[in-house]
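Protein chains: 2
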Amino acid sequence: MIGLKIAVDAMGGDNAPQAVVAGVERARDEFKDTEFLLFGVEDEIRKFLKDETRITITHTDEMIVMNDEPVRAIRRKKNASMVLAAKAVKDDEADAVFSCGNTGALLAAGLLIVGRIKGISRPGLLSTLPMFGESAGAFNLLDSGANAENKPEHLHQYAVLGKYYAQKVRQVENPRIGLLNNGTEPHKGSKVTQEAYKLLQEDPAINFVGNIESSAILNDVADVVVADGFTGNAVLKAIEGTASSVMHLVKDALLNSGFKGKIGALLLKPSLMELKEKMNQSQYGGAVLLGVKAPVVKAHGSSDELTVYYTLKQIHTMIEGKMIPDFVDYFSQHNLSTKTDK
Amino acid sequence: MIGLKIAVDAMGGDNAPQAVVAGVERARDEFKDTEFLLFGVEDEIRKFLKDETRITITHTDEMIVMNDEPVRAIRRKKNASMVLAAKAVKDDEADAVFSCGNTGALLAAGLLIVGRIKGISRPGLLSTLPMFGESAGAFNLLDSGANAENKPEHLHQYAVLGKYYAQKVRQVENPRIGLLNNGTEPHKGSKVTQEAYKLLQEDPAINFVGNIESSAILNDVADVVVADGFTGNAVLKAIEGTASSVMHLVKDALLNSGFKGKIGALLLKPSLMELKEKMNQSQYGGAVLLGVKAPVVKAHGSSDELTVYYTLKQIHTMIEGKMIPDFVDYFSQHNLSTKTDK
Chain A
167 MIGLKIAVDA MGGDNAPQAV VAGVERARDE FKDTEFLLFG VEDEIRKFLK DETRITITHT
227 DEMIVMNDEP VRAIRRKKNA SMVLAAKAVK DDEADAVFSC GNTGALLAAG LLIVGRIKGI
287 SRPGLLSTLP MFGESAGAFN LLDSGANAEN KPEHLHQYAV LGKYYAQKVR QVENPRIGLL
347 NNGTEPHKGS KVTQEAYKLL QEDPAINFVG NIESSAILND VADVVVADGF TGNAVLKAIE
407 GTASSVMHLV KDALLNSGFK GKIGALLLKP SLMELKEKMN QSQYGGAVLL GVKAPVVKAH
467 GSSDELTVYY TLKQIHTMIE GKMIPDFVDY FSQHNLSTKT DK
Chain B
167 MIGLKIAVDA MGGDNAPQAV VAGVERARDE FKDTEFLLFG VEDEIRKFLK DETRITITHT
227 DEMIVMNDEP VRAIRRKKNA SMVLAAKAVK DDEADAVFSC GNTGALLAAG LLIVGRIKGI
287 SRPGLLSTLP MFGESAGAFN LLDSGANAEN KPEHLHQYAV LGKYYAQKVR QVENPRIGLL
347 NNGTEPHKGS KVTQEAYKLL QEDPAINFVG NIESSAILND VADVVVADGF TGNAVLKAIE
407 GTASSVMHLV KDALLNSGFK GKIGALLLKP SLMELKEKMN QSQYGGAVLL GVKAPVVKAH
467 GSSDELTVYY TLKQIHTMIE GKMIPDFVDY FSQHNLSTKT DK
């Protein structure tokens, strides 16, 4: 029985539509209960599509490109593949939106087309990162960049959103929630983090483990770390940039190490490939805009078939786990907003 | 001729006073124009001191420890080694303060005892980080944690302070100044970064290269990156934590790679040691509180003799280069403050 429908922006990303189509077919073969609505240039999509089972194509020539100004693009390019995918959700024709395209535009589509859940002031972007440590695990960081400024109440909402996500998608029973701060002591930080600390500590529904410094964030200290979008984004990008720089340095050291070193590098290749796999984020899927009426999910612009597949799997888990109805219930019963945000 | 005097908190850090005394002796042997005023437990210091030339000891039993509350400790522990070192500067008996002790307390000593330079609202902590990239260079990040909140005008002041530092200490002729932000476009960011962008762009004395994302910060895009203290601290700690985690992963991969891998690791050892050296921050000295009336410099708590020496060398360069008198001149002639900050 077909119960789930995912709207797919087939034209977003560097490898579109080829990687998107291939990833969709892989997910389609695994999830027999799911239908995929593809939006994009029909001829281009058909060039790569092998089997149309549970895949429908809605043709459009219009596209949002990487340097489009997000809000303007969403408002003016009414027939862009990303906009049509978001509209399918708004019109109840699909349960979630997927895109590898312009992040800002997708966030704007989530906010302006899909729309906020009642009681949530500022939807936040949730990212999943591997721990890089002894633990094989991962953690969620939100807001990782949907907002440039946040109030303490928003961080409280992110704690609830992140908790449900970690439970439903990563099967963490009682997620440890940490607050990103510039010290571990309760009194540390800005006015926003000091006030957020109190809100989190006073909420019995939150398994609050206190302040987390970004130096410790990879050491399995929390399952969900909440932050204002500006700092969350800066920390996410610092982690990604540093991991990539250090791995490049290691690679250079191996390549420029003379004959003996080259033999050494050859002998170590299996271990280093394993390490690379451990640091690979794609198995965790894409970044999810949480707080809107359906999962709005962004995979990396350079996503390949496998990353698209993993992200569709992640979306499937969110829909199947009824994450959004649970958000709606929770926020209709609990008021975590300030007056100015309503 | 003895012209320079450095006040040293001999009791700060995990390896005090041994590492501090050894580092001081090494610096003393190199810088014949410099006298070192050591504050701490005289017997303990003498246990490690080989030669008293240009070294004086002021005995005190009192110490600030790592979990002391900074401001309270500075106010109550009037005879702590760190407080006496800062007072020596205030009383014109020394030109700079050095400590490996409690960072918060040292910042408080800088602000409350050494005192702000007129025209500077919020002194900022400057850190120096290696690029980790193809470039062998480094960059400065400030404020890296002296403040939890900053106004746009403070970031403008940091740009000037960082520019002089990069010129005087790192011999960068025309330092490229970047603004840490969550996107490269001029309109990006919070109200603080948007306004700071304008101030930096309009100041002809600043070689402003625009917004820098933390993912690109290690790629030789700027010599000085200015940030509010909360985000700067988060990014600094994320870079340090990630670099350390990734290097541990690499090490584990090498150690757990079986017999063939172990031979490989052995062959690669010289290259990996070289890499470790490249990532070593200690050659750049300590973190400097800029905007106070003398260099107030914090080396890492785990500093060894070499790190202490490098940091004293850095301090010597700042004093010799007359960095502080240049700050005083500049800020007496240029008003970069808002009314509320004066």
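Residue numbers (my numbering), protein chains in the order written: chain A, 167 to 508; chain B, 167 to 508.
Even glycine gets a Cβ: it sits at the ideal position worked out from N, Cα and C.
Does DSSP put residue i in a helix, a strand or coil?
i: A251 of chain B; result: helix
i: L203 of chain B; result: strand
i: P236 of chain A; result: helix
i: F298 of chain A; result: coil
i: A262 of chain B; result: strand
i: F305 of chain A; result: strand
i: H225 of chain B; result: strand
i: D175 of chain A; result: strand
i: R220 of chain B; result: coil
i: I343 of chain B; result: strand
i: S293 of chain B; result: strand
i: A453 of chain A; result: strand
i: N422 of chain A; result: coil
i: F374 of chain B; result: strand
i: K198 of chain B; result: coil
i: V338 of chain A; result: coil
i: R192 of chain A; result: helix
i: R288 of chain B; result: coil
i: L384 of chain A; result: coil
Using a Cβ cut-off of 8 angstroms (strictly closer), state whether residue i contacts chain B.
i: N446 of chain A; result: no
i: L321 of chain A; result: no
i: V391 of chain A; result: no
i: L384 of chain A; result: yes
i: A409 of chain A; result: yes
i: V412 of chain A; result: yes
i: S423 of chain A; result: yes
i: A453 of chain A; result: no
i: A314 of chain A; result: yes
i: A419 of chain A; result: yes
i: S380 of chain A; result: yes
i: N348 of chain A; result: yes
i: G311 of chain A; result: yes
Would you say residue i and residue j are within 8 angstroms of each other, going by their C-beta atoms?
i: S293 of chain B; j: N306 of chain B; result: yes
i: G270 of chain A; j: L291 of chain A; result: no
i: N268 of chain B; j: N348 of chain A; result: no
i: L433 of chain A; j: K426 of chain B; result: yes
i: G407 of chain B; j: A388 of chain A; result: no
i: L451 of chain B; j: Y476 of chain B; result: The sequence given here has Gly at residue 451 of chain B, not Leu. In contact: G451 of chain B and Y476 of chain B (Cβ atoms closer than 8 angstroms).
i: A262 of chain A; j: K479 of chain A; result: no
i: F298 of chain A; j: S437 of chain B; result: no
i: P352 of chain B; j: M445 of chain B; result: no
i: K334 of chain A; j: A260 of chain A; result: no
For residue i and residue j, which I take to be in contact (beta-carbon distance under 8 angstroms), what is that distance rounded to the nearest angstrom?
i: G178 of chain A; j: C266 of chain A; result: 4 angstroms
i: V249 of chain A; j: K243 of chain A; result: 6 angstroms
i: P289 of chain B; j: L455 of chain B; result: 5 angstroms
i: F197 of chain B; j: V174 of chain B; result: Their Cβ separation, rounded to whole angstroms, is 13 angstroms, which puts F197 of chain B and V174 of chain B out of contact at 8 angstroms.
i: P341 of chain B; j: V390 of chain B; result: 5 angstroms
i: G285 of chain B; j: S498 of chain B; result: 6 angstroms
i: V190 of chain A; j: I230 of chain A; result: Their Cβ separation, rounded to whole angstroms, is 19 angstroms, which puts V190 of chain A and I230 of chain A out of contact at 8 angstroms.
Could you tell me which of the options sits nearest to residue i, measuring between CA atoms?
i: G324 of chain A; options: A:I372, A:A302, A:R238, A:I279; result: Reading off the sequence shown, one finds Tyr at residue 324 of chain A, where the question assumed Gly. It is A:I372 whose Cα lies nearest to the Cα of Y324 of chain A.
i: S469 of chain A; options: A:A460, A:G487, A:L455, A:Q449; result: A:Q449
i: D394 of chain A; options: A:L273, A:I221, A:L478, A:P318; result: A:P318
i: N422 of chain A; options: B:K417, B:A409, B:E440; result: B:E440
i: K253 of chain B; options: B:T224, B:E235, B:V231; result: B:T224
i: L272 of chain B; options: B:D180, B:K464, B:F493; result: B:K464
i: D309 of chain B; options: B:K354, B:G344, B:K334, B:I279; result: B:G344
i: Q360 of chain A; options: A:H322, A:V335, A:R212, A:Q337; result: A:H322
i: T200 of chain A; options: A:T504, A:I485, A:L502, A:S503; result: A:I485
i: R282 of chain B; options: B:A304, B:K256, B:A302; result: B:K256
i: H500 of chain B; options: B:T219, B:D369, B:K171; result: B:D369
Taking Cβ positions only, does residue i come closer than 8 angstroms to chain A?
i: G355 of chain B; result: yes
i: K426 of chain B; result: yes
i: N399 of chain B; result: yes
i: V511 of chain B; result: Given that chain B is displayed from residue 167 to residue 508, the structure contains no residue 511 of chain B and the question cannot be resolved.
i: N377 of chain B; result: no
i: L438 of chain B; result: yes
i: I405 of chain B; result: yes
i: I429 of chain B; result: yes
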